[in-house]
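**Q** Protein sequence lines, in the order shown, are assigned to chains A and B. Numbering that gives the first Met the number 0 numbers the first residue of the first sequence as 0 and each following residue consecutively. Numbering that gives the first Met the number 0 numbers the first residue of the second sequence as 0 and each following residue consecutively.
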Amino acid sequence: MNAPMTFDTGAPPPKGSRERLVVIGNGMAGCRAVEEILARDPNRFEITIFGAEPRVNYNRIMLSPVLAGDKSFDEIVINGADWYTDNGITLVSGDRVDHIDRAHKCVVARSGRVEPYDTLLIATGSDPFIIPIPGHDLDGVVTFRDLDDVDKMLAAAEKGGDAVVIGGGLLGLEAAHGLSLRGMKVTVVHLMPTLMERQLDEAAGYLLKTELERRGQTILTGANTKAIHGLDGKVVGIELEDGTRVKADIVVMAAGIRPSTGLAKAAGLECERGVMVDDHMVTSDPDVLAVGECVQHRGLCYGLVAPLWEMCRALADHVTDAPSGYLGSVTSTKLKVSGIDLFSAGDFSGGEGCEDIVLRDAARGVYKRVVLKDDKLVGAVLYGDTADGSWYFDLLKKGESVADLREGLIFGQAFASGGALADPNAAVANLSDEAEICGCNGVSKGTVVKSILAGACSLDAVRSTCKASASCGSCTGLVELLLSLTMGEDYGGAREVKTLCKCTSFGHDDVRRLIVEKQLKSIPQVMQELHWSTPDGCASCRPALNYYLLCALPGAYVDDQKSRFVNERMHANIQKDGTYSVVPRMWGGLTNPRELRAIADVVEKFNAPMVKVTGGQRLDIFGIRKEDLPAVWADLNAAGMVSGHAYGKSLRTVKTCVGSEWCRFGTQDSTGLGVKIEQMTWGSWMPHKFKIAVSGCPRNCAEATIKDFGVVCVDSGYELHVGGNGGIKVRATDFLCKVATEEEAMDVCAAFTQLYREEAHYLERTAPWIERVGLDHIKSRLLDDPDAIRRYAARFRYSQQFSQDDPWAKRASGERRDLHAHIATVRPLVVTPEMENA
Amino acid sequence: MHGDWLDIGPKTQIEPGTARTLPVEGGEEIAVFHTMRGEFFALVNACPHKQGPLSQGIVHGDVVTCPLHNWNISLRSGNALGADEGCVPTIPLRVDAGRIYLKRSAVLSPRAVLA
Chain A
0 MNAPMTFDTG APPPKGSRER LVVIGNGMAG CRAVEEILAR DPNRFEITIF GAEPRVNYNR
60 IMLSPVLAGD KSFDEIVING ADWYTDNGIT LVSGDRVDHI DRAHKCVVAR SGRVEPYDTL
120 LIATGSDPFI IPIPGHDLDG VVTFRDLDDV DKMLAAAEKG GDAVVIGGGL LGLEAAHGLS
180 LRGMKVTVVH LMPTLMERQL DEAAGYLLKT ELERRGQTIL TGANTKAIHG LDGKVVGIEL
240 EDGTRVKADI VVMAAGIRPS TGLAKAAGLE CERGVMVDDH MVTSDPDVLA VGECVQHRGL
300 CYGLVAPLWE MCRALADHVT DAPSGYLGSV TSTKLKVSGI DLFSAGDFSG GEGCEDIVLR
360 DAARGVYKRV VLKDDKLVGA VLYGDTADGS WYFDLLKKGE SVADLREGLI FGQAFASGGA
420 LADPNAAVAN LSDEAEICGC NGVSKGTVVK SILAGACSLD AVRSTCKASA SCGSCTGLVE
480 LLLSLTMGED YGGAREVKTL CKCTSFGHDD VRRLIVEKQL KSIPQVMQEL HWSTPDGCAS
540 CRPALNYYLL CALPGAYVDD QKSRFVNERM HANIQKDGTY SVVPRMWGGL TNPRELRAIA
600 DVVEKFNAPM VKVTGGQRLD IFGIRKEDLP AVWADLNAAG MVSGHAYGKS LRTVKTCVGS
660 EWCRFGTQDS TGLGVKIEQM TWGSWMPHKF KIAVSGCPRN CAEATIKDFG VVCVDSGYEL
720 HVGGNGGIKV RATDFLCKVA TEEEAMDVCA AFTQLYREEA HYLERTAPWI ERVGLDHIKS
780 RLLDDPDAIR RYAARFRYSQ QFSQDDPWAK RASGERRDLH AHIATVRPLV VTPEMENA
Chain B
0 MHGDWLDIGP KTQIEPGTAR TLPVEGGEEI AVFHTMRGEF FALVNACPHK QGPLSQGIVH
60 GDVVTCPLHN WNISLRSGNA LGADEGCVPT IPLRVDAGRI YLKRSAVLSP RAVLA
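1. Give me, in chain order, the residues of the same chain whose beta-carbon lies closer than 6 Å to that of Val-622 (chain A); leave out the 5 immediate sequence neighbours on both sides.
2. Check whether chain A comes within 8 Å of Lys-49 (chain B), counting only Cβ atoms and requiring the distance to be less than that.
3. Taking Cβ to Cβ, would you say Arg-651 (chain A) is nearer than 8 Å to Lys-604 (chain A)?
4. Looking at the strands, I want to know which residues DSSP matches up with Ser-669 (chain A).
5. Which first and last residues belong to the alpha helix (DSSP H) in which Leu-53 (chain B) is found?
6. Since Arg-110 (chain B) and His-821 (chain A) should fall inside the 8 Å C-beta cutoff, what is the C-beta to C-beta distance between them, to a whole number of angstroms?
7. How would you list, in chain order, the residues of chain B whose beta-carbon sits under 8 Å from the beta-carbon of Glu-196 (chain A)?
8. By the DSSP assignment, the beta strand (DSSP E) with His-720 (chain A) in it spans what residues?
9. Any beta carbon of chain B sitting closer than 8 Å to that of Phe-605 (chain A)?
10. In the DSSP assignment, find the unbroken beta strand (DSSP E) run with Thr-186 (chain A) in it and report its ends.
11. Do you know how far the Cα of Gly-16 (chain B) is from the Cα of Leu-371 (chain A)?
12. Taking only runs of the alpha helix (DSSP H) that begin and end inside the region 477–552 of chain A, which ones reach a length of at least 4 residues, in chain order?
13. Cβ closer than 8 Å: which chain A residues qualify as neighbours of Val-58 (chain B)?
14. Counting contacts by CB-CB distance shorter than 8 Å, is Thr-20 (chain B) in contact with chain A?
15. Rounded to whole angstroms, what is the Cα-Cα separation between Ala-96 (chain B) and Met-280 (chain A)?
16. At which residue ranges does the region 639–700 of chain A contain complete beta strand (DSSP E) runs of 3 or more residues, listed in the order of the chain?
17. Give a yes or no on whether the C-beta atoms belonging to Gln-753 (chain A) and Ala-703 (chain A) are separated by under 8 Å.
18. Pull up the distance between the alpha-carbon of Gly-93 (chain A) and that of Val-163 (chain A), whole angstroms please.
19. Using a Cβ-Cβ cut-off of 8 Å, state whether Thr-116 (chain B) counts as contacting chain A.
20. Met-27 (chain A) lies in the alpha helix (DSSP H); which residues open and close that run?
21. In the DSSP assignment, the beta strand (DSSP E) including Cys-353 (chain A) goes from what residue to what residue?
22. Please name the residues in the region 188–220 of chain A whose beta-carbon is closer than 8 Å to at least one beta-carbon of chain E, in chain order.
23. So which of A:Cys-700, A:Pro-131, A:Glu-114, A:Cys-437 has the shortest CA-CA distance to Phe-664 (chain A)?
24. From the DSSP output, which residues share a beta bridge with Ala-611 (chain A)?
25. So that I know if they touch, is there some Cβ in chain B lying closer than 8 Å to that of Phe-6 (chain A)?
26. Just to confirm the assignment: which complete beta strand (DSSP E) runs, minimum length 3, are found wholly within the region 166–232 of chain A?
27. Report yes or no: is there a C-beta of chain A within less than 8 Å of the C-beta of Pro-52 (chain B)?
28. If I measure Cβ to Cβ from Arg-93 (chain B) and keep anything under 6 Å in the same chain, skipping five residues before and after, which residues do I get?
29. Unbroken alpha helix (DSSP H) runs of length 4 or more, entirely within the region 778–824 of chain A: which are they?
30. Helix or strand or just coil, what does DSSP make of His-317 (chain A)?
31. Among the candidates A:Cys-712, A:Met-191, A:Gln-198, A:Gly-639, whose CA atom is the shortest distance from the CA of Gly-671 (chain A)?
32. Taking 8 Å as the threshold (beta carbon to beta carbon), is Ile-90 (chain B) in contact with chain A?
33. Who are the near neighbours of His-98 (chain A) in its chain, counting only those whose CB is closer than 6 Å to its CB and skipping five residues on each side?
34. Starting from Trp-390 (chain A), trace the alpha helix (DSSP H) in both directions and tell me its first and last residue.
35. Tell me, which residues are paired with Trp-4 (chain B) by DSSP?
36. Going along chain B in order, which residues have a C-beta closer than 9 Å to the C-beta of Thr-666 (chain A)?
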């Protein structure tokens, strides 16, 4: 610790003639408040400033550029020693105030120095939050708050090696960026699933994460640090909740800040999260003021610099007898990482009556979202193009109606303020001939217009003649505008595509094609690349995208459980009273005493009020509570039974008749084939539920001709039928083909199933699918090329490798217990935790 | 702040985009939601339509879709959205130092707060 130093110079008017102002805190807030007061009345106070750090006042928010090597300390000093001298201010730096004595109106510093005051200003700022995990006090664990921290980080970076930053907020990412530029291998560990979740929504967070990863940082989101490990008192690495270990030569804790209220609390001033102040920054003691990050004003604490300037103005007005009042701040954030443009302001969490306008431009890596409420702008998130950040922020602060700007608002100031340009037609008409319309194929407006004038009078014609909108399709709207502008009334109008849901302008087929073409790998990535208009989709598109990705990337895609309908998440069928029904698999409809006993035991043990034989030849156990599901499954598993997937958009059951083994009419072993087919197809996820049946003769007791795939055995082989449905609209199957052997029947079954998986729309059964595309389409895919059956069947069997895990076995062994257990039970006035930190 | 606020555990116990439940003896079960944006909300775990367990629905934005008949319920206000009409009581919630707190009086009688 440096010895206290004092700049005690200048020639103030004689002591006693002026009021004494003592400021605790030599940071940005304390000094700015003093500047504001001096600007109003330079002679009113005799001023003493205490600073805990042994240096003059500097710009704390510029520590990031110092760490990154863009600036030196001297460049970020706000007020040098001269300022204190010239204004007759006594600076006591490196000597922390330990105690406020309100009774005697004085403060006592660590050195023993006692300083009396008439007016006291608390500007103690905030403290970094240290997560109290094991190892947080090891050598090499630092925070990112002051110049000492930066010095420690720079010293570590000189040796190179690995750095871990705990916290993916503004401060953490700036620290990570600096350390990375200084040559360290950086891993960011962030508790929440989205980086900077307080400032960004999921979509912008995803773009930011992708960019940081491209720059070589490792970003772990949804990661909870369990411990910091050390050797001989020095940090060597961290361990996450899931057991992952990351090597570290330095660990930066940037998990947030807390208003520093210790002194104020000890002095008996009213505090909640921060020191409570009124609109004039006065605390519960009229002679004590507080300002900056340490205060709580109208329920809010601020951790940014802009509110601080506004607070200081109100404070200075108050102490110089011209009270104005501080009404709270609307804040905006910019990330200070070079090359990444990111801006956010206001409230973009949505809510009642809020309306989102989203613009995504995948080619330029741009995401813009503005939130409107009652025709006023209330929030904005910009990534990749922040040129209009200050314009949006201005509109937001003014709080005026933006109804007139609405149409063009998302395109920015130049567009929206251009008078007539607010009409998108006019905007497109005003584009120059060189303006790029299609980014994928580099087609300019002039080229598109030329091809329209040469006779391309529909979207498809434009696509085939000049390639515009022929790839990702995101410029389709622009091309259609050009068609209507160029052709006038001759244009037949936009084509009708039924969109996947209201979040997108793409249809199911386009989404499926683009997932494969653009090699998209996650739901947020699909939403960004395909210009989704909502931040995280809806209950219609999320399950559809999850399925499409699962189908396109067998084995590689990680199933997103939160995008699944409840039944597929719980592996049971929800009933009207919120309980579940459980259906164990009975292969081909066969069962035995052991299975029946186990089912009977489960029914009694869990008081299931009903058991019913299903239409798919199995038993359904009703009235099971979600908490009991894992135990029910454990018992059924013990008897050798697995999930029947009676709840899924998946293979349900293979219904059979008894066939040649018992039946006097049977022509083939329909039961045996049914069991083999069920063993091949169980566990597969599909666009919708999928039922199979095998009948042993044309009497068709297994009702194979109203199933999605039906086998009817005949003396000479197997007749294969597709597209039947016994539901709302009964549809008999279409005959697909006839084969001679069981193996061929199974290959065609696998191939047809895979074709359906790859081409149908989500939630489209085989019957409407076949009616939509035509039986000839199915036949041409499967039967025209003699090798097609083999190829489709091979793809099906490959993806089945990854889906034939019994989901019940995992749950019964305790996996995802959080889906089944309550958080706790409230017994009036008592809480009994059932699981902490699950 | 602990007097009228009931500590129901760390916020990490609810994965973003999901909800978990809190039965109340002699009262109504509560669903506590964690949105993808990182916000927390608590509602009575019963859809205003046919009392479906909202905790089991798909969460998108600040809306949950009821698993029984696909009503969309605002987590912020408890109101049914779109053409449907109805409202489920919400329970005041706050997060402090990584823990979730529910307003005790509302936990015990959520419908009194609604009225």
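Backbone N, C-alpha and C define an ideal beta-carbon position, used for all residues, glycine too.
**A** In this structure, then:
1. Walking along the first sequence from the start, residue 622 (chain A) turns up at place 623. The sequence given here has Gly at residue 622 (chain A), not Val. Closer than 6 Å at Cβ, skipping near neighbours: Thr-578, Ala-607, Pro-608.
2. The residue you call residue 49 (chain B) lines up with position 50 of the second sequence. Yes, contact with chain A.
3. The residue you call residue 651 (chain A) lines up with position 652 of the first sequence. The residue you call residue 604 (chain A) lines up with position 605 of the first sequence. Not closer than 8 Å, so no.
4. Position 670 of the first sequence, counting from 1, holds the residue named residue 669 (chain A). DSSP, once it has assigned bridges, lists no residue as partnering Ser-669 (chain A).
5. The sequence position of residue 53 (chain B) within the second sequence is 54, counting from 1. DSSP places Leu-53 (chain B) in no alpha helix (DSSP H); its state is neither H nor E.
6. Here residue 110 (chain B) is taken as the residue at index 111 of the second sequence, counted from 1. Here residue 821 (chain A) is taken as the residue at index 822 of the first sequence, counted from 1. Between the beta-carbon of Arg-110 (chain B) and that of His-821 (chain A) there is about 21 Å, and that puts the pair past the 8 Å contact cut.
7. As a working mapping, residue 196 (chain A) is identified with position 197 in the first sequence. By Cβ distance, chain B contributes Arg-36, Gly-37.
8. To locate residue 720 (chain A), count along the first sequence from 1; it is residue 721. Note, His-720 (chain A): beta strand (DSSP E), 716–721.
9. For the purposes of this step, residue 605 (chain A) is taken as the residue at position 606 of the first sequence. Residue contact with chain B for Phe-605 (chain A): absent (no Cβ-Cβ distance below 8 Å to any residue of chain B).
10. If you number the first sequence from 1, residue 186 (chain A) lands on position 187. For Thr-186 (chain A), the enclosing beta strand (DSSP E) has its first and last residue at 184–188.
11. Position 372 of the first sequence, counted from the first residue, corresponds to residue 371 (chain A). Position 17 of the second sequence, counted from the first residue, corresponds to residue 16 (chain B). Approximately 24 Å, taken between the alpha carbons.
12. For the region 477–552 of chain A, the full-length alpha helix (DSSP H) segments reaching 4 residues or more read 507–516, 522–528, 540–551 along the chain.
13. Counted from its first residue, the second sequence places residue 58 (chain B) at position 59. Within 8 Å Cβ-Cβ: Lys-561.
14. Within the second sequence, residue 20 (chain B) is the residue found at index 21, counting from 1. Closer than 8 Å: yes.
15. Within the second sequence, the letter at position 97 stands for residue 96 (chain B). Within the first sequence, the letter at position 281 stands for residue 280 (chain A). Roughly 25 Å between the two C-alpha positions.
16. Segments of the beta strand (DSSP E) lying fully in the region 639–700 of chain A: 650–655, 689–694.
17. Residue mapping note: residue 753 (chain A) aligns to position 754 of the first sequence, counting from 1. Residue mapping note: residue 703 (chain A) aligns to position 704 of the first sequence, counting from 1. In this structure, Ala-703 (chain A) does not lie closer than 8 Å to Gln-753 (chain A) by Cβ.
18. Locating residue 93 (chain A) in the first sequence gives position 94, where the first residue counts as 1. Locating residue 163 (chain A) in the first sequence gives position 164, where the first residue counts as 1. So the two alpha carbons sit approximately 30 Å from each other.
19. Look at the range of chain B in this structure, 0 to 114, and you will see that residue 116 (chain B) is not part of it.
20. Here residue 27 (chain A) corresponds to residue number 28 of the first sequence, with the count starting at 1. Start and end: 27–39.
21. The residue labelled residue 353 (chain A) in the question sits at position 354 within the first sequence. DSSP places Cys-353 (chain A) inside the beta strand (DSSP E), whose first and last residues are 353–360.
22. Absent here is chain E; the protein component of the structure consists of chains A and B.
23. Numbered from 1 along the first sequence, position 665 holds the residue referred to as residue 664 (chain A). When each option's Cα is compared against that of Phe-664 (chain A), the closest is A:Cys-700.
24. As a first step, residue 611 (chain A) must be located in the first sequence, where it is residue number 612. Just to set this straight, residue 611 (chain A) is Lys in the shown sequence, not Ala. Answer is A:Asp-619.
25. Within the first sequence, the letter at position 7 stands for residue 6 (chain A). Since pLDDT at Phe-6 (chain A) reaches only 47, below the 50 mark, its modelled position is unreliable, and the value read off the structure follows with that caveat. Not one chain B Cβ lies under 8 Å of Phe-6 (chain A).
26. Listed in chain order, the complete beta strand (DSSP E) runs (minimum 3 residues) inside the region 166–232 of chain A are 184–188, 217–219, 224–230.
27. Counting from one through the second sequence, the residue named residue 52 (chain B) turns up at place 53. Closer than 8 Å: yes.
28. As a first step, residue 93 (chain B) is located in the second sequence; it is residue number 94 there, counting from the start. Cβ contact annotation for Arg-93 (chain B) (same chain, cutoff 6 Å, sequence separation greater than five): Tyr-100, in chain order.
29. Here the runs fully enclosed are 787–799, 806–811.
30. Along the first sequence, one-based indexing puts residue 317 (chain A) at 318. Note: His-317 (chain A) maps to helix in three-state DSSP.
31. As a position in the first sequence, residue 671 (chain A) is number 672, starting the count at 1. Closest option to Gly-671 (chain A), Cα to Cα, is A:Cys-712.
32. As a first step, residue 90 (chain B) is located in the second sequence; it is residue number 91 there, counting from the start. Ile-90 (chain B) does not count as touching chain A.
33. By 1-based counting over the first sequence, the position of residue 98 (chain A) is 99. The residues are Val-107.
34. Counting from one through the first sequence, the residue named residue 390 (chain A) turns up at place 391. Under the DSSP assignment, Trp-390 (chain A) falls in the alpha helix (DSSP H) whose first and last residues are 388–397.
35. Residue 4 (chain B) sits at position 5 when you count from the first residue of the second sequence. Under DSSP, Trp-4 (chain B) forms a beta bridge with B:Lys-102.
36. On the first sequence, residue 666 (chain A) is found 667 positions in, with the first residue counted as 1. Ordered by position in chain B, no residue passes the 9 Å Cβ test against Thr-666 (chain A), which lies about 45 Å from the chain.
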